[in-house]
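Trainee:
There are 2 protein chains.
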Amino acid sequence: MKKATIKDVAKAAGVSTAAVSYVLNGKHDKVSKETIERVNQVIGDLNYIPDFSARSLVKNQSKLIGVVIPQTENYRQLILENPFYSEIISGIEGKLRENGYHLILSGVNRGESYLDLSIQRNLDGAILMGIYPEQFYEDLKRIKIPIVLIDSYINDSYFRRIGIDDEYGGYLATRHLIQAGHTNIGLITGAIRKEGVVEKRFLGYKRAIREANFFYNPDYVFEDSMSFEHGLAAGREIAGKHPEITAVFASADLVAFGAIKGIMELGKKVPDDISVIGFDDIYMAKMFVPPLTTVKQDITEKGIMAAEQVIRLIENAEVELAEEMLLPLRIVERQTVKALTETGAVGRGS
Amino acid sequence: MKKATIKDVAKAAGVSTAAVSYVLNGKHDKVSKETIERVNQVIGDLNYIPDFSARSLVKNQSKLIGVVIPQTENYRQLILENPFYSEIISGIEGKLRENGYHLILSGVNRGESYLDLSIQRNLDGAILMGIYPEQFYEDLKRIKIPIVLIDSYINDSYFRRIGIDDEYGGYLATRHLIQAGHTNIGLITGAIRKEGVVEKRFLGYKRAIREANFFYNPDYVFEDSMSFEHGLAAGREIAGKHPEITAVFASADLVAFGAIKGIMELGKKVPDDISVIGFDDIYMAKMFVPPLTTVKQDITEKGIMAAEQVIRLIENAEVELAEEMLLPLRIVERQTVKALTETGAVGRGS
DNA sequence: TTGTATGCGTTATCAT
DNA sequence: ATGATAACGCATACAA
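Residue numbers (our numbering), protein chains in the order written: chain D, 12 to 361; chain Y, 12 to 361.
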């Protein structure tokens, strides 16, 4: 079955390709009612579907959105096994398809820019997650397409940003622990890079500590990577060598999972011996045993909003959008934080 | 910065567009060494990158692969929160990009076919996960592009299939439980549709039961959906109303997680009171507490192989590939299965 | 070895 | 209201 083209339709309907194009694009003031009907009839019969490549050429818009997520260290695989990204993409895809756009998912090779892909494919817009070298963003600005950054603190009005107040989130989490009566609070975190999400959460942690007039002890921050493995190692260390630490803020749920496992391995109990609070509220958080108390952000919603933004930016270029959009955050109490004091505002959750 | 076209390059290099095209496509027998150098020079200077849309038009190949994954029941979102799909896609993307292809990720709306997208985008090939109505596959065959089905039992030589021997997997899991000395073994499973993955695992379960000369008790199979929630409900029911059941085979890790949680909620212990074995070995399996004993399949590898197959099929149309490829399966012993007997070949794992 | 010309499927301009 | 036709960016058959 050879693919039907606009010419085939035109011929079969006894009209010009222009006429077909008109009805296709809803320019109903340019064609008669009968023509419209006849053409539509033929389109149905021939199962004609327009070719986006051809359309892209002449209209200079591809209806394609690039979505970039970080890769593993060897740059050979996406970090899609981090449920956080999966959930976001899930949100993005739905919104995009709903609006007639398609999504090209990719990582970007070490040192390479995203220019190639965006130019090759004539991307109408892009959504980026992760942190990249400065040059990467500079390159991106040259192609003049709407770009939405998720969880980025790049301060450049060229980009729109969707995120959360990570500093506040870190503060919230730590304060929650403090309100539960904990005083020696550990922090397990990924690499703290300046102006990064991780640093903000760290800053929030420090603020809460200081606000409570506690002593900020650098020995209590376990910094490495945002991974289950690091959480595991840190959890073991805390349970083994830091009996004074009674609560831990892990700056991602995945890290919290690792921490809990590490703590338990050394025979200690969560939350009875050590409380743990996470960050993100990924899908697995409620499934974990024990269910994880965490700082919830609506991940899927984040994806949806990112998609909405690119689309709006594309279709209504003049619209003035806020440079940054922050989604709400809140503590979800489950069962990994235990109140030490009677006065604590926090219970064991349900 | 206006995007450079082949014409710009030709003009700047003082040659024809044909010459540029030649060097672009490596037709080095058609151009002189100097021309090649000069053109490449200019390409670099102008930062020229070919437009795939235009190329797609003339070459009739898009370097685009469609990847389809199932959606939630309301058809508004991908089931990407199931880590299983994330991991597969991760594998697919890496392989694809490595070979110069890009990936369009999408779900497909209820009742719709995938024809539209594949025709619109001139897809070179597609990789499908999930089960669809018969008509869906019939439609697909009309577009004559290589299609790889992941975990499908559609028996049609048009499609290539990548999968595992699910029946054997179900058998393996159940036999593992039996060898550990269990006799009353429950099955928690998704909807058993004929010729589906789930049914095969169920069949394997039955085979192992029969082989051991146990009584197959339909009351021990808890069938609903392949979800954490179903696992949870079934786990509760087993722990609450079926004291005779000492082991459970959950036909997906996610389901096993739910089951374990449900069992624990009723005050029973895993594996001391009830053993649980899962299926898939998703990334989270080792992170769970307790770490899940499960039937391991190499999920990422599955994605990689699927990508390899489409590519091979596309680039070497005559190649005769096996219609179906099965990946190996094996039990990964962790800590959710307990041996009841001295003679059991199975310990508590490490 | 190089260049010219045509066509891929579509939209848009301009006549009619 | 309708229809030629030029363009979009590229690859290629053919001519030079």
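Just so you know, even glycine gets a beta-carbon here, dropped at the ideal spot from N, CA and C.
When you compare each of Y:192, Y:30, Y:265 to residue 201 of chain Y by their alpha carbons, which one comes out closest?
Mentor: Closest by alpha carbon: Y:265.
Trainee: Go through its chain and collect everything with a Cβ distance to residue 337 of chain D's Cβ below 7 Å, but skip five positions before and after it.
Mentor: The residues are 174, 175, 176.
Trainee: At the level of alpha carbons, what is the spacing between residue 138 of chain D and residue 65 of chain D?
Mentor: Taking the straight line joining both Cα atoms gives about 24 Å.
Trainee: Report the neighbours of residue 300 of chain D on chain Y: residues whose CB is nearer than 7 Å to its CB, in chain order.
Mentor: Result: 271, 272, 275, 300.
Trainee: Name the chain D residues that come within less than 8 Å of residue 62 of chain Y, Cβ to Cβ?
Mentor: Ordered by position in chain D, the residues that pass the 8 Å Cβ test against residue 62 of chain Y are 68, 130, 131, 133.
Trainee: Is the Cβ of residue 113 of chain Y closer than 8 Å to any Cβ of chain D?
Mentor: Yes, residue 113 of chain Y counts as interfacial toward chain D.
Trainee: With DSSP as the reference, identify every bridge partner of residue 76 of chain Y, one or two as the case may be.
Mentor: The partner list for residue 76 of chain Y (beta bridge, DSSP) reads Y:114, Y:136.
Trainee: Go ahead and label residue 180 of chain D buried or exposed: buried means 16 or more other beta carbons lie within 10 angstroms of its beta carbon, across all protein chains shown.
Mentor: When all chains shown are included, residue 180 of chain D counts as buried.
Trainee: Would the stretch 255-262 of chain Y count as touching the stretch 276-292 of chain Y if we require 3 or more Cβ pairs under 8 Å?
Mentor: Yes, the stretch 255-262 of chain Y is in contact with the stretch 276-292 of chain Y.
Trainee: Spatial neighbours of residue 364 of chain Y within its chain, please: CB distance less than 8 Å, with the 5 preceding and 5 following residues excluded, ordered by chain position.
Mentor: This structure does not reach residue 364 of chain Y, given that chain Y is present from 12 up to 361, and the question cannot be answered.
Trainee: Quick one: is residue 246 of chain Y near chain D, going by C-beta distance under 8 Å?
Mentor: No, residue 246 of chain Y lies away from the interface with chain D (no Cβ there is under 8 Å from its Cβ).
Trainee: Taking DSSP's pairing of strands, which residues face residue 199 of chain Y in a bridge?
Mentor: Looking at the DSSP assignment, residue 199 of chain Y forms a beta bridge with Y:233, Y:261.
Trainee: Can you name the start and end residues of the beta strand (DSSP E) that residue 286 of chain Y belongs to?
Mentor: Per DSSP, residue 286 of chain Y belongs to the beta strand (DSSP E) from 286-291.
Trainee: Tell me the DSSP secondary structure of residue 303 of chain D in three-state form.
Mentor: Three-state result, residue 303 of chain D: coil.
Trainee: Establish whether the CB of residue 76 of chain Y and some CB of chain D are separated by less than 8 Å.
Mentor: It does not; no Cβ of chain D falls within 8 Å.
Trainee: What three-state label does DSSP hand residue 346 of chain Y in the structure shown?
Mentor: Coil, per DSSP.
Trainee: Rounded to a whole number of angstroms, what is the C-alpha to C-alpha distance between residue 18 of chain D and residue 24 of chain D?
Mentor: Distance between the alpha carbons of residue 18 of chain D and residue 24 of chain D is about 10 Å.
Trainee: Looking at the secondary structure, which residues open and close the beta strand (DSSP E) in which residue 335 of chain D lies?
Mentor: Looking at the DSSP string, the run of the beta strand (DSSP E) that includes residue 335 of chain D is 335-338.
Trainee: Take residue 279 of chain Y and list the residues in its own chain whose beta-carbon comes closer than 7 Å to its own, dropping the five residues that flank it on each side.
Mentor: If we look at residue 279 of chain Y and ignore the five residues flanking it on each side, its Cβ neighbours are 250, 285.
Trainee: Below 7 Å on C-beta distance, what does residue 116 of chain Y contact in chain D?
Mentor: Neighbours of residue 116 of chain Y on chain D, chain order: 104, 114, 116.
Trainee: With three or more C-beta pairs closer than 8 Å as the rule, is the stretch 139-148 of chain D touching the stretch 210-230 of chain D?
Mentor: Counting Cβ pairs under 8 Å, fewer than three are found: no touch.
Trainee: Could one say the Cβ of residue 121 of chain Y lies closer than 8 Å to chain D's Cβ atoms, at least one of them?
Mentor: No - not a single Cβ of chain D is within 8 Å of the one on residue 121 of chain Y.
Trainee: What does residue 92 of chain Y touch in chain D if you count any residue whose Cβ is under 7 Å from its own?
Mentor: Simply 94, 97, 98, 101, 294.
Trainee: Given a cut-off of 8 Å, decide if residue 334 of chain D and residue 186 of chain D are closer than it, judged by their beta-carbon atoms.
Mentor: No, the pair does not count as a contact, with Cβ atoms beyond the cut-off.
Trainee: Sort D:318, D:304, D:164, D:160 by Cα distance to residue 346 of chain D and report the nearest one.
Mentor: Out of D:318, D:304, D:164, D:160, D:304 has the C-alpha closest to the C-alpha of residue 346 of chain D.
Trainee: Classify residue 358 of chain D as buried or exposed, calling it buried when 16 or more other Cβ atoms lie within 10 Å of its own Cβ.
Mentor: Caution is warranted here: a pLDDT of 44 is assigned to residue 358 of chain D, below 50, making its placement in the model unreliable, and no coordinate value can be reported.
Trainee: Let me check one thing: in DSSP terms, what residues is residue 174 of chain Y bridge-paired to?
Mentor: In the DSSP output, where bridge partners are listed per residue, residue 174 of chain Y has Y:337.
Trainee: In its own chain, which residues sit with a C-beta less than 7 Å from the C-beta of residue 94 of chain D, not counting the 5 before and 5 after it?
Mentor: Around residue 94 of chain D: 293, 294, 295.
Trainee: On the DSSP bridge assignment, give the partners of residue 159 of chain D in chain order.
Mentor: According to DSSP, residue 159 of chain D bridges with D:138, D:171.
Trainee: Comparing alpha-carbon positions, which option in Y:55, Y:219, Y:245 lies nearest residue 269 of chain Y?
Mentor: It is Y:245.
Trainee: If the cut is a Cβ gap below 7 Å, which residues of chain D does residue 65 of chain Y touch?
Mentor: Here the neighbours are 68.
Trainee: Determine, using beta carbons only, whether residue 16 of chain D comes closer than 8 Å to chain Y.
Mentor: No, its Cβ sits nowhere closer than 8 Å to a Cβ of chain Y.
Trainee: Output yes if chain Y places a C-beta closer than 8 Å to the C-beta of residue 127 of chain D; else output no.
Mentor: True, the Cβ-Cβ gap to chain Y drops below 8 Å.
Trainee: Please report the straight-line C-alpha distance between residue 191 of chain D and residue 223 of chain D, rounded to a whole angstrom.
Mentor: Near 12 Å, if we compare the C-alpha coordinates of residue 223 of chain D and residue 191 of chain D.
Trainee: Is DSSP giving residue 107 of chain D helix, strand or coil here?
Mentor: Correct three-state label for residue 107 of chain D: helix.
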